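Okay, structure first, notes after.
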Amino acid sequence: MSATHSASDLAARFDLELRGDPAWRIEGVATLARAGAHQLAFLANPRYRNQLAATGAGLVVMRAEDAEGFSGNALIAKDPYAAFAKMSALFDVRPAVVPGVHAMAVVDPSAEVSPEASIGPFVSIGPRTRVDAGAMIGPGCVIGEDCVVGAGCELVANVSLVRRVRLGKRVLIHPGAVLGADGFGLAMDHGRWLKVPQLGGVVVGDDCEIGANTTIDRGALDDTVLEEDVRLDNQIQIGHNVRIGAHSAMAGCSAVAGSATIGRYCLIGGGAGILGHLDVCDRVVVTAMSLVTSSIREPGEYSSGTPLMDNRSWRKSAARFKQLDALARQAAARNKEPQ
Amino acid sequence: MSATHSASDLAARFDLELRGDPAWRIEGVATLARAGAHQLAFLANPRYRNQLAATGAGLVVMRAEDAEGFSGNALIAKDPYAAFAKMSALFDVRPAVVPGVHAMAVVDPSAEVSPEASIGPFVSIGPRTRVDAGAMIGPGCVIGEDCVVGAGCELVANVSLVRRVRLGKRVLIHPGAVLGADGFGLAMDHGRWLKVPQLGGVVVGDDCEIGANTTIDRGALDDTVLEEDVRLDNQIQIGHNVRIGAHSAMAGCSAVAGSATIGRYCLIGGGAGILGHLDVCDRVVVTAMSLVTSSIREPGEYSSGTPLMDNRSWRKSAARFKQLDALARQAAARNKEPQ
Amino acid sequence: MSATHSASDLAARFDLELRGDPAWRIEGVATLARAGAHQLAFLANPRYRNQLAATGAGLVVMRAEDAEGFSGNALIAKDPYAAFAKMSALFDVRPAVVPGVHAMAVVDPSAEVSPEASIGPFVSIGPRTRVDAGAMIGPGCVIGEDCVVGAGCELVANVSLVRRVRLGKRVLIHPGAVLGADGFGLAMDHGRWLKVPQLGGVVVGDDCEIGANTTIDRGALDDTVLEEDVRLDNQIQIGHNVRIGAHSAMAGCSAVAGSATIGRYCLIGGGAGILGHLDVCDRVVVTAMSLVTSSIREPGEYSSGTPLMDNRSWRKSAARFKQLDALARQAAARNKEPQ
């Protein structure tokens, strides 16, 4: 099942300079610390530079300056991490997708499933849904009505697309993700909640990735939208009518409330929250567990929260936080006093 | 599949005043910004008032004061959002529930399934569980032993009710939700964790809604309880033996730890946390990502956290937070000095 | 289905001192407040001591000092909670696991399933995966290729093990959990995200428990590892290449980013976050919703955040937080002034 490539083959294929034995055989990839004689490793983060001397790796991809004095086989790359990512894909051998619909899948007669798509066991596909060529729907996935699964999409397992979810091409969705559930729309009416019908859908652009157990609600009236190449980690919550710009990435457990708009090339840290009806412009970085409470109009890095402290010290600071306004007023008053 | 109603029909049915053409035909709903000639829109939030002049909507529901000078067709409502919610339900056409048990469902012989319930494919129903008339169990749902699914409930897809989960009437549960899993009960015993058996259940009142991938653990001894009309968004965690009062609503990613009690008509913001063994009284609002660490005995709005700042400024404030107690002590000492 | 034990039987079996009627019949367990004449209750937390006088419990396990003057039947234990946990397991009667593969399960021909394992309906088991004796795979679980499910494991329902997930013995996994999904590995390459293949696996030690909808990604190159007896509550996110030491426990909604290492006997509070590439030493407690942003090298309790306040007061403190550095500089300047 494993692939083998010579060092010169890798250099040629990825247009990298090779220093060392062109015929050296590479059969897999590993970390610098653990790689063996026929494995490829990489050095990108300077803090791992001290592992280079002792590495057992048969080939290391790194920057030219890091390769000075290295006696082993080296591939020289401007961005060794990206180069490694591309090369390691050669060694990620997956079973070929076998087209066809499993005998224990249920497909509505009005659905259109490409003969080149693969539908696994215990999959349910609803009315008027379309699954294009090369799509792979893994075991236990449930796809409701009026959905589109574009060419080359992969729904790994136990994914739910509720209704009106339209995926572009090559969208990868990890297990337990739920797209197209009702948005959280409620109106209080005579002391009881009234449910606001959620009549929109979800549109996901080409090359998006959706993490395990992430949820993306469908829109109330318009659609919830992810533009192309958006990358969502696990356990993320995207409210109804959110729009996320192309090439933005969100780390695990972050959340965006309804009708917020996130720009392109944004990076949202783990556990961060973005309130509803806000606009966040392009190229904004929000650090982990920060809360965005108003629109952000300038690119840059934003944060909230307090630093970690030992609990005893923290209790003292926390108690003083409550007194901050009084302390500041006293200070202001003193500053106005004659000295 | 779509419904059509005249403006006068809508006015009569929802007891609203119509200004404009009674025969005007409405075929759907949309936002003020996007609605077309045969769509109904609404104006509730004053910040969208400027969209009114240019709207293409064939009919707009709004307050009387907003309708002054509006030349299009208008329905007048005291609460336009609630009125719109009710009217838009007319246009949320869903396929009728087809009663019966799918050939690829597995029902324990001791379970009681109403002939008027609908059990989808790949559903498993355990011993002594009862499913009442009009209930709809979607594909991939797993219901364990000793559960009750009340009349008119809907479990959309891939929902798990582990055991001893009793749902009232018209409970709506979105995909991936898990009710009745073991509470997190552990005792440390000679350096190893000892699991505390979780012998209680989960009781969910009428008209509750449970979001996608939300989890509600069953009680250790007594039950975990949601009273009627509780509304939970996605990715919420409810610990064992929690009780949530009627008509309370919680936004996405919020969490309540074991044995806490939440009152009626509470609103818990997204990502907020409530520690265990606390009591929160009725009509409490907790803002997003706040942490409740002691009981709340007065209705009102509560918060914790710090405001979002650019990262450079935030680092300075965060560093000073660690010094807060020392700063306050110095200030106090100075205040005692002779001036 | 229920068990019955005499008071003396319980005393003998768990090596506890009995004060009271040895023949008293116990048929179940309950809280001190609700227990009836034939139920066992416990008193561990001093704040429930006032419930002792009025309890209807037929037998109470508690410390010797709490039993002074109690007129009912008592079992004396140094750790009443642990003793109760062990005794209540007697009353947690579960249906016996019936070995065999359900007719509506799909098992790859190259998988090895022990004849003493139980495989439920709508379960899919992939190539080269091994399921050992006494393992129980509940309805809707999906197990991919190259996995191991050790002896006595239980996957309750709708659990996904994607690939290369190796579980030790007696691992309990609650519904909706996803182990072995791709880690969140991305490299930016000419303005687009490049996916970094995730070639490692997940290794879970004996006696671990994984909560509902928790996600544990597989490693990029090496494995993600949970040592033995790690206990994870619901909705937890564990990034790729994380290592969690034996006997550590994490409460609901907490998260650990990629390549962080957590020591043994750590307690991570609900909603807490730990950034990537950090080391947390043994016996560290992190309080709820705190964020760990650098390595912790000393055992102890750590916190971040601010206390809950009424929203009006909080707004004032929050506004002052932004001015903290300026306030501190002014104070420093004043302290240098001649008095």
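Quick mapping for you: the protein sequence lines, in order, are chains A, B and C.
Going by this note's numbering, the letters in the first sequence line up with residues 4 to 342, in that order.
Going by this note's numbering, the letters in the second sequence line up with residues 4 to 342, in that order.
Going by this note's numbering, the letters in the third sequence line up with residues 4 to 342, in that order.
Backbone N, C-alpha and C define an ideal beta-carbon position, used for all residues, glycine too.
Since we're looking at a predicted model, the values are computed, not measured.
- With a minimum length of 3 residues, the unbroken runs of beta strand (DSSP E) contained wholly in the stretch 178-235 of chain A fall at 181-184, 189-192, 195-198, 205-207, 218-220, 227-229.
- By the rule that beta-carbons nearer than 8 Å mark a contact, L182/C does not touch chain B.
- In this structure, the straight-line span from the alpha carbon of V145/A to that of V110/A is close to 10 Å.
- When rounded, the separation of the alpha-carbon atoms in A6/C and D95/C is 9 Å.
- Within the stretch 146-177 of chain A, complete beta strand (DSSP E) segments of at least 3 residues are found at 168-170, given in chain order.
- In the DSSP assignment, L93/B falls outside any alpha helix (DSSP H) and carries neither an H nor an E.
- Using a Cβ-Cβ cut-off of 8 Å, Q238/B counts as an interface residue toward chain A, since at least one Cβ of chain A sits closer than that to its own.
- When the five nearest sequence neighbours on each side are left out, the beta carbons in the same chain lying within less than 8 Å of the beta carbon of L35/A are those of A44, F45, L46, Y51, Q54, L55, T58, A60, V63, in order along the chain.
- Restricting attention to alpha helix (DSSP H) runs no shorter than 4 residues, the stretch 41-70 of chain B encloses them at 67-70, ordered along the chain.
- In summary, E71/C is exposed, with fewer than 16 beta-carbon neighbours lying within 10 Å of its beta-carbon over all protein chains present.
- Going by C-alpha positions, K198/C is about 7 Å away from A88/A.
- The Cβ of Y305/A sits no closer than 8 Å to any Cβ of chain C.
- The stretch 289-298 of chain B and the stretch 321-333 of chain B do not touch, with fewer than 3 CB-CB distances between them shorter than 8 Å.
- The beta carbon of A260/C sits closer than 8 Å to some beta carbon of chain A.
- Residue contact with chain C for D111/B: absent (no Cβ-Cβ distance below 8 Å to any residue of chain C).
- Nearest CB-CB separation between H41/C and chain B: not below the 8 Å threshold.
- Cβ-Cβ distances below 6 Å link A40/A to G61 in the same chain, with the five nearest sequence neighbours on each side left out; the list follows chain order.
- Taking one beta carbon from each stretch, the stretch 228-246 of chain B and the stretch 201-210 of chain C have fewer than 3 pairs nearer than 8 Å; the two do not touch.
- Within the stretch 80-103 of chain A, the residues whose Cβ lies closer than 8 Å to any Cβ of chain C are, in chain order, D82, Y84, A85, F87, A88, K89, S91, A92, F94, D95, P98.
- When DSSP reads this structure, E304/A sits in a beta bridge with V288/A.
- A154/B is not a Cβ neighbour of G179/B, given a cutoff of 8 Å.
- Cα atoms of I299/A and A275/A: separation of roughly 14 Å, rounded to the nearest angstrom.
- Between the C-alpha atoms of G141/B and V245/A there is a straight-line separation of about 27 Å.
- Residue M65/B holds the alpha-carbon nearest to the alpha-carbon of N48/B among V32/B, R37/B, Q42/B, M65/B.
- Cα atoms of P25/C and I79/C: separation of roughly 14 Å, rounded to the nearest angstrom.
- Taking the Cα positions, P83/B is about 45 Å away from R318/B.
- For R318/C, the enclosing alpha helix (DSSP H) starts and ends at 314-325.
- By DSSP's assignment, V295/C forms a beta bridge with I277/C.
- Counting only residues of its own chain and dropping the five nearest sequence neighbours on each side, G103/C has a CB closer than 8 Å to the CB of P118, S121, I122.
- For E148/C, the number of other beta carbons within 10 angstroms of its own is at least 16, and it is reported as buried.
- Within the stretch 24-49 of chain B, the residues whose Cβ lies closer than 7 Å to any Cβ of chain A are, in chain order, V32, A33, T34, R37.
- DSSP places A77/C in the uninterrupted beta strand (DSSP E) bounded by 77-79.
- Spatial neighbours of F187/C in its own chain (CB-CB distance under 8 Å, excluding positions within 5 residues in sequence) are listed in chain order as D220, G242, H243, G261.
- Distance from the CA of L158/A to the CA of L170/B, rounded to the nearest whole angstrom, comes to 31 Å.
- Within the model, the alpha-carbon separation for P302/C versus L311/C is close to 27 Å.
- In this structure L202/B is in contact with A223/B, their Cβ atoms being roughly 7 Å apart against a cut-off of 8 Å.
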